[in-house]
Every structure is written in C-alpha cells, then in structure tokens.
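Below is one structure, written out as structure tokens, with a few remarks after it.
There are 2 protein chains.
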Amino acid sequence: MPYPAKIGLDVILDEAAALIEEQGLDALSMRVLAARLEVRASSLYRYFSDREQLESALGDRAAEELRMAMDLAIEGKNPADAFAAAAEAYRAFAKAKPGAYAVLHRNPAATEPRKRLWLTVLGLVGRLTGDADDTSAAVATWSYLHGFCTLEASGLFGASGPKEGFRRGVATFANGLRASRKDH
Amino acid sequence: MPYPAKIGLDVILDEAAALIEEQGLDALSMRVLAARLEVRASSLYRYFSDREQLESALGDRAAEELRMAMDLAIEGKNPADAFAAAAEAYRAFAKAKPGAYAVLHRNPAATEPRKRLWLTVLGLVGRLTGDADDTSAAVATWSYLHGFCTLEASGLFGASGPKEGFRRGVATFANGLRASRKDH
DNA sequence: GTCTATAAGCGGATAGAC
DNA sequence: GTCTATCCGCTTATAGAC
Chain A
30 MPYPAKIGLD VILDEAAALI EEQGLDALSM RVLAARLEVR ASSLYRYFSD
80 REQLESALGD RAAEELRMAM DLAIEGKNPA DAFAAAAEAY RAFAKAKPGA
130 YAVLHRNPAA TEPRKRLWLT VLGLVGRLTG DADDTSAAVA TWSYLHGFCT
180 LEASGLFGAS GPKEGFRRGV ATFANGLRAS RKDH
Chain B
30 MPYPAKIGLD VILDEAAALI EEQGLDALSM RVLAARLEVR ASSLYRYFSD
80 REQLESALGD RAAEELRMAM DLAIEGKNPA DAFAAAAEAY RAFAKAKPGA
130 YAVLHRNPAA TEPRKRLWLT VLGLVGRLTG DADDTSAAVA TWSYLHGFCT
180 LEASGLFGAS GPKEGFRRGV ATFANGLRAS RKDH
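Chains as they are written, first to last, in the numbering used here: chain A, 30 to 213; chain B, 30 to 213.
Have a look at this one:
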C-alpha cells in the first residue's frame, strides 16, 4: 500500500480546532493545517471541497460544545440560577476557546447545531419571562453575552478590564426579564 | 513639475472610508485604495508608514463620527430619553456605516477619539444610575449595544431578524440601571 | 511626490502520477 | 488516498529613478 489513509474527517477537525486555539482563527490555512497533519495541502481536498466547508464544520462543532457547556451549567437549577450559570458558562467558553467561539460566528448558516444552541438560549430566557417563545428577549440576551465576550476577547475594555461589568449586566437582565412576566 | 501632489491625508482617508463602506473592511488594501485614487500603491507610504497606521486613523475618525451622532441624539433630553435615543443612534450608525463601525473595533489602542466615545457612554449611564463613574454599568451597556450591532451586521439573527429585540434590551437595561440608583 | 520595478511572502485550488 | 508540480491570485513593503 503506497498511500495508506493517514487522515480522516475527525482527525482533520481535531487538528484544525487545536490550530485555531493556538494561533488564532486567521492562522488557519489549508497549507498550515496540512503541515501539522504531516500531509500535503492537496490531500485535504479529499475531505473538504474547500476551506469554507472546513470552517463550517468547525463552527458546527463549536456550537455543539457551547450548547453542551450551557446545558450542563443549567441542569437542575431554578430559572434565575440557571440564567446566571448559563451566562457564566457562555463567557467561560468564549474565554477558554476563543478560536472555537470566533469560528462559530463566521458563518450565518442556520445549521442544526446552531439551531439547537439558539433553542437553549430561547428556553433559558423563556423560563424567566414565562413566554416559551420570547424571541425579542432571547435576542437581547444573546446580544449582551456576545457583545461582552467579543469586547473582552479583543482587548477593547482596556487595561482596567471589565471590572464587575459582566455580572452587573447579567443581573440587570435577569431582573428586568423576570419583571416582564405577565403572570403573578 | 513632473510630479505634483495628487493626494493628501484627508483625500486618502475619504477614499478609504468610501471603499470600506462599499466593499467591506476586508477589501481595503493599499493597492485597491491607490487604484481608486489613481495613484500607485507605493505613493501611499509617503502619508502612512504602513497599513496599520491607516486603519488606526480610520478608526479614530469613525469614533469621532459615532460620538458626535450620539451626542446629537442626547442633546436636551432627560436621562431616560437620552439613553434610549443614544442607543438608537448607536445602532443607526452601525447599520449605516458598517465599514466604519468595524474598523473602529479593529485596534484596541485607547486613542483620544476612542476615549471621548467611552466618556460619552459613561456619562449616559451615569445620569441614569446616579453614579458618574459607573464603569461596570457602562461596560454592560456597551457590551449589549455592540453585541446587537455585530450580530445584526453579520446576519446571525437569521431570516426572521431581531424582531423587537433591540428596544426590548434597551428598555430592560434602562429600567434595571435606573432601579440601581442609591438615592430616591 | 510619484513613478517603475521588484522583493518576498501568503493564500486557495487543480491535474495527473502512483 | 496521497503525492508532485503548478497555476494564479493576492498582499505589504522597499529602493532608487525622475
């Protein structure tokens, strides 16, 4: 066998995921990725027809990871505690895996993993507002979490850092959303 | 005069600003910019030592524009109305000038225009909470606005759009911050 | 101050041999 | 399935002529 299979979908994605955490998403190229796999760049095209497909797969994977982290944090908690815990889990993921977090937002395609992630946010918010399909509240919550994590990652908060800004915003949001319940 | 001056700092920045609005920030290159100015790329280096300096200048300009738009929206309003109006102005700027909004966040350097923009946000929030230097509240507010605008620009809200998510978040924030006043 | 010419590098992607 | 070889595009940036 002159040319046995050295790589596969999972191995490629594992290595790509490691690469973007170590070097940043911009450092991802077919050449560099192939080098890390000890393979020629052209070999990768047997598994992904182009770079975009590779990135999309990476994004789906990141969406699954983030959703699982949030679901784990939520488990067994009351609505208010679940909201705060999920928010912390979201921020922790963005901080621990900036590459995965970035690639997750690269492609706007509504793939299954991304839809499931959205449903988690929707459910989280719904338990707080009493409206299981409260799109506007979920949009606002997601915006807040995403904005904070983006600014934190890009260093735009400056040397002084965000201080207690994260918890402040989460608490403000949680209180405000709970207050918008129609029942009680 | 075989080589009269054809360009200058302002002309270059004007053209660069137009370019990033028309083609996106990624389309900005010394070559393309020079071509639009009917000049060779090397000529640009007489005015900007490198691309980063050009981008930084563009970012400062964008920060000034955004700050002015917010200040104008705030003028003569009470704290609550000013907060809502400034938020709308922020979103409007990000929508109308996505290129400027993007380049503003490219460089984390705390230049004067960026500091002034931050002070505007800090003042806006301070009038609501009663604490003139409420960093955590300003961080949270900025995060929300930035997150929403980023998600909106990248198309991640999907076909259904953000619905009334923007106003919902602004109102939730404004109420929550006002409720955190120590006086009254 | 703008020009030509060029260095030196990066990237995505493909054809065809083995 | 991986390889070699290659095409073709792009970028920032500099040296030196005019």
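Every residue, glycine too, gets a C-beta built ideally from N, C-alpha and C.
In its own chain, which residues sit with a C-beta less than 7 Å from the C-beta of residue i, not counting the 5 before and 5 after it?
i: residue 59 of chain A; result: 70, 73, 80
i: residue 63 of chain B; result: 69, 70, 72, 73
i: residue 112 of chain A; result: 153, 157, 203
i: residue 198 of chain B; result: 173, 177
i: residue 171 of chain B; result: 150
i: residue 186 of chain A; result: 180
Hey, how far is the Cα of residue i from the Cα of residue j?
i: residue 165 of chain B; j: residue 178 of chain B; result: 20 Å
i: residue 109 of chain B; j: residue 115 of chain B; result: 10 Å
i: residue 39 of chain A; j: residue 100 of chain B; result: 52 Å
i: residue 160 of chain A; j: residue 196 of chain B; result: 17 Å
i: residue 175 of chain A; j: residue 135 of chain A; result: 13 Å
i: residue 206 of chain B; j: residue 94 of chain A; result: 33 Å
i: residue 194 of chain B; j: residue 157 of chain A; result: 16 Å
i: residue 45 of chain A; j: residue 211 of chain B; result: 50 Å
i: residue 48 of chain B; j: residue 56 of chain B; result: 8 Å
i: residue 41 of chain A; j: residue 33 of chain A; result: 16 Å
i: residue 106 of chain A; j: residue 147 of chain A; result: 19 Å
i: residue 209 of chain A; j: residue 201 of chain B; result: 9 Å
i: residue 104 of chain B; j: residue 66 of chain A; result: 59 Å
i: residue 52 of chain B; j: residue 43 of chain B; result: 14 Å
i: residue 169 of chain A; j: residue 54 of chain A; result: 27 Å
i: residue 141 of chain A; j: residue 61 of chain B; result: 39 Å
Might you give, ordered along the chain, the residues of its own chain that have their beta carbon closer than 8 Å to the beta carbon of residue i, omitting 5 neighbours on each side?
i: residue 68 of chain A; result: 35, 36
i: residue 145 of chain A; result: 92, 93, 96
i: residue 129 of chain A; result: 46, 49, 50, 87, 90, 91, 94, 95, 122
i: residue 191 of chain A; result: 177, 180, 181
i: residue 120 of chain A; result: 174, 177, 178, 181, 195
Would the beta-carbon of residue i fall within 7 Å of that of residue j?
i: residue 163 of chain A; j: residue 152 of chain A; result: no
i: residue 86 of chain A; j: residue 132 of chain A; result: no
i: residue 150 of chain A; j: residue 167 of chain A; result: yes
i: residue 137 of chain B; j: residue 184 of chain A; result: yes
Exposed or buried, what is residue i when buried is set at 16 or more other beta-carbons lying within 10 Å of its beta-carbon?
i: residue 124 of chain A; result: exposed
i: residue 75 of chain A; result: exposed
i: residue 143 of chain B; result: buried
i: residue 188 of chain A; result: exposed
Who are the Cβ neighbours of residue i in its own chain at under 6 Å, not counting the five residues just before and after it?
i: residue 83 of chain B; result: 77
i: residue 122 of chain B; result: 95, 98
i: residue 102 of chain A; result: 114, 115, 118
Interface positions of the stretch 167-180 of chain A facing chain B (Cβ-Cβ less than 9 Å), listed along the chain: 167, 168, 169, 170, 171, 172, 173, 174, 175, 176, 177, 178, 179, 180
Contact set between the stretch 67-101 of chain B and chain A, restricted to residues whose Cβ is under 7 Å from the partner: none
Residues of the stretch 117-143 of chain A whose Cβ lies closer than 8 Å to any Cβ of chain B, in chain order: 134, 137, 139
Residues of the stretch 148-168 of chain A with Cβ closer than 7 Å to any Cβ of chain B, in chain order: 164, 165, 166, 168
Against chain B: residues of the stretch 191-204 of chain A by CB proximity under 7 Å: 191, 192, 193, 194, 197, 198, 201, 202, 204
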